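All remarks here apply to the structure that follows.
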Amino acid sequence: MSLIEDPILHAIEITTLAIRARSDAHWVIAFSGGKDSTASLKIFLAAYKRSNVSIPKITVIYCDTGVENPVLDAYVRGLLVEVENEVSNLGHRFETRLLKAPLQDRFFVRIIGRGYPPPTNNFRWCTTGLRIKPVSAFIEKQDPRNTVVVLGLRKSESDQRDRSLARSESLYWQKQREGKGEYDLFLPIVELDVPTVWDAIFWLDEPKAIDPKRLERMYRGASGECPIIKSPQAPPCASGRFGCWTCTVVRKDKSAKELIKSGYSQLAPFLEFRNWLADFRNDRSKRWNTRRSGAPGPGPFTIAARQEILKKVDELEDRSGSIIIDAEERGLIASLWGMDHFPRLNFKNAKQ
Ligand code: SF4
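Residue numbers (the working numbering): 12 to 363.
In structure tokens, the structure reads:
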């Protein structure tokens, strides 16, 4: 047990010991750009510097869901390039990786292609396909037994997670099952509360590419980050989050609203679409009367409803000048419509 009372120094010390203990492992840092993963990255780098060991490989992973909030996505992508340069220049074997969801799991392929209703807390089909699966696939391709994943989980986020973490042998280390094997999760900020997380972000220097003030401005209104690891400790949906601009799991997208208020007006049409989609979901006339299984109850969106959503996305693409559904996704959507007996002729192919 450390005698250091400052919680940030304590976290750095525990992380230093962890790095020394697993100095031969591949360390993978899960990064979303949000406050928790930013603090974890900073604490990890501070601890690595103190550890005086040379880790064979450090990788920062970022999940590109294809529907990440465009302002935050641009911020994280730019940041990752700068961080990679900065840390590599220090002589460490450091890389960043963008992980993408498999085609069939992409948000609009599910909604427009297969007719899935937009996700809610009770039917949150999105997180597994968009975030957890790509991360699992990446780790499986490594040597899981020799991999440590650094995750920005904190014990105070919910009572359920507190109970679950309290049962674990060590607060900082967790075992994660993946397929037939398992790997270690290391939680550097597990004992920190929100103000201390922000203190760590402002107080720790490296990577210098991270501008704490900019992050704080962007973070206004967002209270959580979507989980990328399937575990009992994964946080529940928060009321606003660093995540997908399409997220209908939250009742209101406070994060986007705050960003628009603080000058990111380019997000306004995205937020409008998201609100429209959340209402559209509740219109029973847009759904089949039976589920795919044949059981009675609201089923997938009708083909007409899917067409309507696609038309709205096309309008949003025109308005925002961005590609929201790429050619590959459009191709799969067309095939999925074909499987639901839709005459393909009506499909807008112009952007394929
Ligand atoms: S941010 Fe929302 S839509 Fe995106 S994966 Fe998480 S819960 Fe699903």
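Each residue gets a CB set at the ideal place from its N, CA and C atoms; glycine is no exception.
Treat the numbers as computed from the prediction; the structure is a model and nothing was measured.
| Query | Result |
| --- | --- |
| Coil, strand or helix - residue 219 by DSSP | coil |
| Rounded C-alpha distance that separates residue 215 from residue 53 | 6 Å |
| Contact test: residue 87 Cβ vs the ligand SF4 heavy atom, cutoff 6 Å | no |
| DSSP beta-bridge partners of residue 41 | 72 |
| Beta-carbon gap between residue 159 and residue 105 smaller than 7 Å | no |
| Any non-hydrogen atom of the ligand SF4 within 6 Å of residue 313 CB | no |
| Selected residue, minimal CA-CA separation from residue 46, among 210, 297 and 58 | 210 |
| Span separating the alpha-carbon of residue 304 from that of residue 90 | 45 Å |
| Any non-hydrogen atom of the ligand ATP closer than 6 Å to residue 296 Cβ | For the structure depicted, the ligand ATP is absent and the ligand set comprises only the ligand SF4. |
| Terminal residues of the alpha helix (DSSP H) in which residue 61 lies | 46-62 |
| Option in 50, 55, 320 and 37 with minimal Cα separation from residue 28 | 55 |
| Span of the beta strand (DSSP E), counted from its first residue to its last, around residue 192 | 192-197 |
| Cβ neighbours of residue 296 in the same chain (closer than 7 Å, five flanking residues each side left out) | none |
| Residues near residue 79 in its chain [Cβ-Cβ closer than 8 Å; skip 5 each side] | 87, 254, 255 and 256 |
| Length of the line joining the Cα atoms of residue 326 and residue 37 | 44 Å |
| Enclosing alpha helix (DSSP H) for residue 323 [first to last residue] | 314-331 |
| Whether residue 49 touches residue 71 by CB criterion (7 Å) | no |
| Which of helix, strand or coil DSSP assigns to residue 184 | strand |
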